[in-house]
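In the numbering used here, the protein residues as written are 24 to 475.
The C-beta atom is built at its ideal place from N, Cα and C for all residues, glycine as well.
The structure presented is a predicted model; accordingly, all values stated were derived computationally and were not measured.
Structure first, commentary second.
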Ligand code: CTP
Ligand code: MG
């Protein structure tokens, strides 16, 4: 993004820089070492700040569709303000090096001061020294982020950048206050820890402010000249840069913050961040991909003796045996297999695909088709719907034909038709019922299929 410079006519590039202040000692957290080094989910707190910024660093769109303006801009420089002790400094410097290697963004670092504002000042000095010396301060946006707000989502950074680039000199992200707020009298009561309410503060106009706070570099330079001229006590009271801007009479714009941008201050905050992270980083338990099973029955009566018919059963021709009634060849075994497949796939049944109506109208080529042909067609329909066949098992109940001697042959024919193993068995019904009396055949099939 560039515009011609009024003086030289040369294009002036808009710049984006980020200063992360990570030099605090973390006294309230009580880990005996700088807070940014403390472990959160197996890596230092500072790592969490940086790992959320890879997209922003490279100018990729954020997940916040309302704030994508300038998303293609990327970051021009990052400054890490680190603790003075060498061990912490080196550990956190590595985090910066990894970020730079992954994103290509130059990461500079410096040591912090005795207060947050001293650390911010050190960060700005380093930015000017190492990167921004010849950048146009009016066209350079600098975001200042607390390492302690480790989980701040990228979209918040993006919002703040966008608001500054749209013309605001100072921008803070904030959330509405949801608790009822009371002001108390300064004098303590006799009961230890007890206080007296002075008033309830209307909360509709209150905001809880977060980081990153964003400014033009020009404003930051003026702000530090401004506090340099203040008495120490007054300067110390201005704990963040937005307060300095307010004190200078500069309008500060508020944009929406995020619940995730919680500041890690105490052990409870760290535990809460730990829990949120564990929830996010634990993969959802994988649901096993189960196969689908189906069931199918078919019954056909033997044709009366006075109407001789060929017997086709289990894909085979059975010479000398009276055949079965029914449309097509009456192969109850193959038809039960088809039904089991359609059942497993949830695709209806034989009637839907090969019923007399269907064949009479939409599928005339299947009229009179053999059982094996229909099974092959059922397998093709399943495949077209995204299913593969695991196996089919089918059993028929009948007095005849004697099946054992031709089992292998039948299994080969139907397996070839289905494109998957078809196991066939046969039994009798001890003389009971229509099968026992030799009036017809009952076939029952199950099928196991899977999603391709
Ligand atoms: N900070 C800093 N230099 C300081 C003090 C604070 O860079 N001298 C940074 C911290 O690293 C933190 C942010 O400013 O990211 C906000 O400060 P705070 O949450 O108060 O952190 P600490 O000062 O480290 O914590 P404590 O006040 O409990 O010691
Ligand atoms: Mg502090």
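DSSP state of residue i, grouped into three classes?
i: residue 437; result: helix
i: residue 166; result: strand
i: residue 24; result: For residue 24, the predicted model reports a pLDDT of 46, less than 50, meaning its position is unreliable; a value from the coordinates is still stated below. Coil.
i: residue 377; result: helix
i: residue 406; result: helix
i: residue 319; result: strand
i: residue 71; result: helix
i: residue 90; result: Because the pLDDT of residue 90 is 49, which lies under 50, any placement of that residue in the model is unreliable, and the number read from its coordinates should be weighed accordingly. Three-state result, residue 90: helix.
i: residue 124; result: helix
i: residue 208; result: coil
i: residue 214; result: coil
i: residue 137; result: coil
i: residue 287; result: coil
i: residue 199; result: strand
i: residue 77; result: helix
i: residue 347; result: strand
i: residue 476; result: The question about residue 476 has no answer, for the chain in this structure spans 24 to 475.
i: residue 173; result: coil
i: residue 236; result: strand
i: residue 62; result: strand
i: residue 142; result: helix
i: residue 131; result: strand
i: residue 110; result: helix
i: residue 147; result: helix
i: residue 463; result: strand
i: residue 230; result: strand
i: residue 448; result: strand
i: residue 472; result: strand
i: residue 387; result: helix
i: residue 338; result: coil
Anyone know if the C-beta pair for residue i and residue j falls short of 8 Å?
i: residue 183; j: residue 196; result: yes
i: residue 302; j: residue 265; result: no
i: residue 194; j: residue 278; result: yes
i: residue 475; j: residue 411; result: yes
i: residue 447; j: residue 434; result: yes
i: residue 532; j: residue 357; result: The displayed coordinates of the chain run from 24 to 475. Any statement about residue 532 would go beyond what the structure contains.
i: residue 238; j: residue 192; result: yes
i: residue 59; j: residue 69; result: yes
i: residue 230; j: residue 198; result: yes
i: residue 129; j: residue 154; result: yes
i: residue 139; j: residue 44; result: yes
i: residue 103; j: residue 127; result: no
i: residue 362; j: residue 393; result: no
i: residue 105; j: residue 66; result: no
i: residue 99; j: residue 38; result: yes
i: residue 115; j: residue 40; result: no
Take residue i and list the residues in its own chain whose beta-carbon comes closer than 7 Å to its own, dropping the five residues that flank it on each side.
i: residue 478; result: There is simply no residue 478 to check, as the chain begins at 24 and stops at 475 in what is shown.
i: residue 413; result: 314, 443, 471, 472 and 473
i: residue 326; result: 332, 345, 346, 347 and 348
i: residue 290; result: 52 and 53
i: residue 110; result: none
i: residue 243; result: 147, 165 and 264
i: residue 125; result: 77
So, for residue i: in the same chain, excluding its five sequence neighbours on each side, which residues have a beta-carbon less than 6 Å away from its beta-carbon?
i: residue 455; result: none
i: residue 255; result: none
i: residue 88; result: Bear in mind that a pLDDT of 48 at residue 88, under 50, signals an unreliable position, so the model cannot answer this.
i: residue 450; result: 420
i: residue 61; result: 54 and 68
i: residue 378; result: none
i: residue 42; result: 102, 146 and 167
i: residue 371; result: 365
i: residue 241; result: 160 and 161
i: residue 418; result: 448 and 467
i: residue 405; result: 364 and 368
i: residue 158; result: 38
Excluding the five sequence neighbours on either side, which residues of its own chain have a C-beta within less than 8 Å of the C-beta of residue i, listed in chain order?
i: residue 284; result: 172, 174, 175, 176, 179, 196, 233 and 234
i: residue 218; result: 207, 208, 211 and 212
i: residue 90; result: Caution is warranted here: a pLDDT of 49 is assigned to residue 90, below 50, making its placement in the model unreliable, and the coordinate value is therefore given only provisionally. The residues are 178, 181, 182 and 185.
i: residue 299; result: 174 and 283
i: residue 204; result: 223, 224, 226 and 229
Discussion item. Between the segment 442 to 460 and the segment 416 to 429, can you find at least three pairs of beta-carbon atoms closer than 8 Å?
Written reply: yes
Discussion item. Across the segment 362 to 372 and the segment 316 to 331, are there enough close Cβ pairs to call them in contact, namely three or more that are closer than 8 Å?
Written reply: Yes, the segment 362 to 372 is in contact with the segment 316 to 331.
Worksheet item: Are the segment 285 to 297 and the segment 205 to 221 in contact at 8 Å, needing three or more beta carbon pairs?
Response: no
Worksheet item: Among all residues, which have a Cβ less than 7 Å from at least one non-hydrogen atom of the ligand CTP, and in what chain order do they fall?
Response: 44, 45, 46, 47, 48, 49, 50, 51, 52, 57, 58, 59, 104, 135, 136, 137, 138, 139, 141, 142, 169, 170, 171, 286 and 288
Worksheet entry | Stretch-stretch touch, CB-based, cutoff 8 Å, three pairs: the segment 372 to 389 with the segment 325 to 342 | The segment 372 to 389 vs the segment 325 to 342: no contact.
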